[in-house]
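Visitor: For the sequence shown, the numbering used here gives the first residue as 3, with consecutive numbering after it.
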Amino acid sequence: MALSTGRVNGTARDRTAGADGARGQGRHQGTGPLRRTMSRHWYAWAMVAPVILVTALLIGWPLARGVYLSLTDATEATMGRTIGVNVIPSTYEFVGLDNYISILTSGLFWEKLTWTVTWTVACVALHYGLGLGLAMLLNRKVRFRSVYRLLLILPWAIPGFVSAFIWRYLYNSDYGVINGMLKAAGLGAVGWLDDPTTAKIAVIAVNVWMGVPFMMVAVLGGLQSIPGELYEAAEVDGATPWQRFRFITVPGLRTVSSTVILLGTIWTFNMFPVIFLISGGGPGSSTEILVTYAFREAFTGIRNYSGSAAWGVIILMLLIVLALVYRRALRRQGEVW
3 MALSTGRVNG TARDRTAGAD GARGQGRHQG TGPLRRTMSR HWYAWAMVAP VILVTALLIG
63 WPLARGVYLS LTDATEATMG RTIGVNVIPS TYEFVGLDNY ISILTSGLFW EKLTWTVTWT
123 VACVALHYGL GLGLAMLLNR KVRFRSVYRL LLILPWAIPG FVSAFIWRYL YNSDYGVING
183 MLKAAGLGAV GWLDDPTTAK IAVIAVNVWM GVPFMMVAVL GGLQSIPGEL YEAAEVDGAT
243 PWQRFRFITV PGLRTVSSTV ILLGTIWTFN MFPVIFLISG GGPGSSTEIL VTYAFREAFT
303 GIRNYSGSAA WGVIILMLLI VLALVYRRAL RRQGEVW
């Protein structure tokens, strides 16, 4: 009887525990996924809350304000302002997508977009190509390797506006260092920033000089993460240097390369200091890219705030589409990013 009672009591306890567990699971499922996540990871949310708040204030609100202005006809003349004790109210009106239609149907937009894409592709290709070459050289055991790394990283450490002013002096037609060297060699001076073709070459050269160090450092880190045993085994099997580069180095750098190329594309697409401080968008507007033109719309002449905001939103959408297409292409290649 004692044994039978124990079995019955055990069964009853199991049933009670099962019922309690079912009720607890039902309550847990009834709270919803968001509430479960908040209750489970409340500490992590508490830590990131200040960052989210600051980001929303510094980025979210200006972005929302810019999108709203892009749907109006706001200019310097229609914006509200205070002069002394007089308060002038805003008189701009909502115009919908008129600004976007005006921009996208103008030849000026497509002209600037073509040069911006050309500028971005040329700079990023040279950034990555030269950065990869220098990284492979510095990845070898050579004397004074640390000194070379320090010297090559200096252009990236110098603030962008300082580099721009230095290069503007170097490109000066009358007393620039580059033309001084050409004259010393018996060659004629070149008006680097006076001709559209040479001005485009000049700004690309400056941006490449500034961007190669970042690519070099990032790729060098990727090279050092590739196991050396792979190269040793390939060399024993008789693989040529080109085969080792193609089948070991390139696949090993794929993750790093995909990230730095995307970052380099976004940074170069919006590289304001080089264009604005060196060529000023000139001669004429031949070197003006989308972001510098949007700046001029808002801060030169009769300030067209709505038009500038529309240009900014279009630039943002172009970059979002680029990032999505790039990510999809990486996923097709098997990259998880």
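From the three backbone atoms N, C-alpha and C, an ideal C-beta is built for every residue, glycine too. All values derive from a computational prediction rather than experimental measurement.
1) Roughly how many whole angstroms lie between the Cα atoms of F271 and Y307?
2) The ligand MN heavy atoms versus the CB of F249: any closer than 8 Å?
3) Can you look up I304 in the DSSP assignment and give me helix, strand or coil?
4) Taking all protein chains shown into account, do 16 or more other C-beta atoms lie within 10 angstroms of the C-beta of L5, making it buried, or fewer, making it exposed?
5) Should S104 go down as buried or exposed, given a rule of 16 or more other Cβ atoms within 10 Å for buried?
6) At 4 residues or longer, what runs of the alpha helix (DSSP H) sit wholly inside the stretch 71-136?
7) So, helix, strand or coil for L232, using DSSP?
8) Below 6 Å CB to CB, which residues in the same chain sit around G213 once its five sequence neighbours on both sides are set aside?
9) In chain order, what residues of the same chain have a beta carbon less than 7 Å from the beta carbon of M273, not counting five sequence neighbours either side?
10) How many whole angstroms separate the CB atoms of Y173 and A204, which I take to be in contact at a CB cut-off of 8 Å?
11) How far does the alpha helix (DSSP H) with M49 in it reach, from first residue to last?
12) Can you give me the Cβ contacts of R17 inside the same chain, cut-off strictly under 7 Å, excluding the 5 residues immediately before and after it?
13) Distance, Cα to Cα, F278 vs R170?
14) Measure the C-alpha to C-alpha separation of Q31 and W44 and round it to an integer number of angstroms.
15) Please report the straight-line C-alpha distance between L73 and L60, rounded to a whole angstrom.
16) Ordered along the chain, which non-local residues of its own chain (more than five positions away) have a Cβ less than 8 Å from that of V69?
17) Quick one: grab the DSSP three-state call for M379.
18) Considering only residues of the same chain and omitting the five flanking positions on each side of D246, which have a CB-CB separation below 8 Å?
19) So S148 is in the alpha helix (DSSP H); what residue range does that whole segment cover?
20) Give me the Cα-Cα distance between V276 and G34, rounded to the nearest whole angstrom.
21) For G178, which residues in the same chain have their Cβ closer than 6 Å to its Cβ, ignoring the five residues on either side in sequence?
Guide: Reading it off the structure:
1) Here the question's residue 271 lines up with position 269 in the sequence shown. Here the question's residue 307 lines up with position 305 in the sequence shown. Answer to the nearest angstrom: the Cα atoms are 21 Å apart.
2) Absence of the ligand MN from the depicted structure is noted, as is the absence of any ligand whatsoever, leaving it without description.
3) Locating residue 304 in the sequence shown gives position 302, where the first residue counts as 1. Note: I304 maps to coil in three-state DSSP.
4) By 1-based counting over the sequence shown, the position of residue 5 is 3. Bear in mind that the predicted position of L5 carries a pLDDT of just 42, short of 50, making it too unreliable to give a figure here.
5) On the sequence shown, residue 104 is found 102 positions in, with the first residue counted as 1. So S104 ends up on the exposed side.
6) 100-106
7) Your numbering for residue 232 matches position 230 in the sequence shown. Residue state, collapsed to three classes: helix.
8) Walking along the sequence shown from the start, residue 213 turns up at place 211. The answer, listed in chain order, is H129.
9) The residue given as residue 273 occupies position 271 in the sequence shown. Closer than 7 Å at the Cβ level, and outside the excluded window around M273, lie N209.
10) Taking the sequence shown and counting its residues from 1, one reaches residue 173 at position 171. Taking the sequence shown and counting its residues from 1, one reaches residue 204 at position 202. Yes, they are in contact, since the Cβ atoms of Y173 and A204 sit about 6 Å apart, within 8 Å.
11) Here residue 49 corresponds to residue number 47 of the sequence shown, with the count starting at 1. Here the alpha helix (DSSP H) through M49 covers W44 to T57.
12) Walking along the sequence shown from the start, residue 17 turns up at place 15. Bear in mind that a pLDDT of 49 at R17, under 50, signals an unreliable position, so the model cannot answer this.
13) Your numbering for residue 278 matches position 276 in the sequence shown. Your numbering for residue 170 matches position 168 in the sequence shown. Cα to Cα, the separation comes out at about 11 Å.
14) The sequence position of residue 31 within the sequence shown is 29, counting from 1. The sequence position of residue 44 within the sequence shown is 42, counting from 1. Annotation note: pLDDT 49 at Q31 (below 50); position unreliable, coordinate value reported separately. If I take the Cα positions, the gap works out to 18 Å.
15) Numbered from its first residue, the sequence shown carries residue 73 at position 71. Numbered from its first residue, the sequence shown carries residue 60 at position 58. Roughly 21 Å separates the two Cα atoms.
16) Residue numbering aside, residue 69 sits at position 67 when the sequence shown is read from its first letter. So the list reads A311 and V315, once near-sequence residues are dropped.
17) Nothing about residue 379 can be reported from this structure: the residues present for the chain run from 3 to 339 only.
18) Locating residue 246 in the sequence shown gives position 244, where the first residue counts as 1. Checking the displayed sequence, the identity of residue 246 turns out to be Arg instead of Asp. Counting only Cβ-Cβ distances below 8 Å, and skipping sequence neighbours, we find Y233, A236 and E237.
19) Locating residue 148 in the sequence shown gives position 146, counting from the first residue. First-last of the alpha helix (DSSP H) with S148: R147 to A159.
20) For the purposes of this step, residue 276 is identified with residue 274 of the sequence shown, where counting begins at 1. For the purposes of this step, residue 34 is identified with residue 32 of the sequence shown, where counting begins at 1. So the alpha carbons of these two residues sit roughly 51 Å apart.
21) On the sequence shown, position 176 is the one that residue 178 refers to. Same-chain partners within the cutoff: L172.
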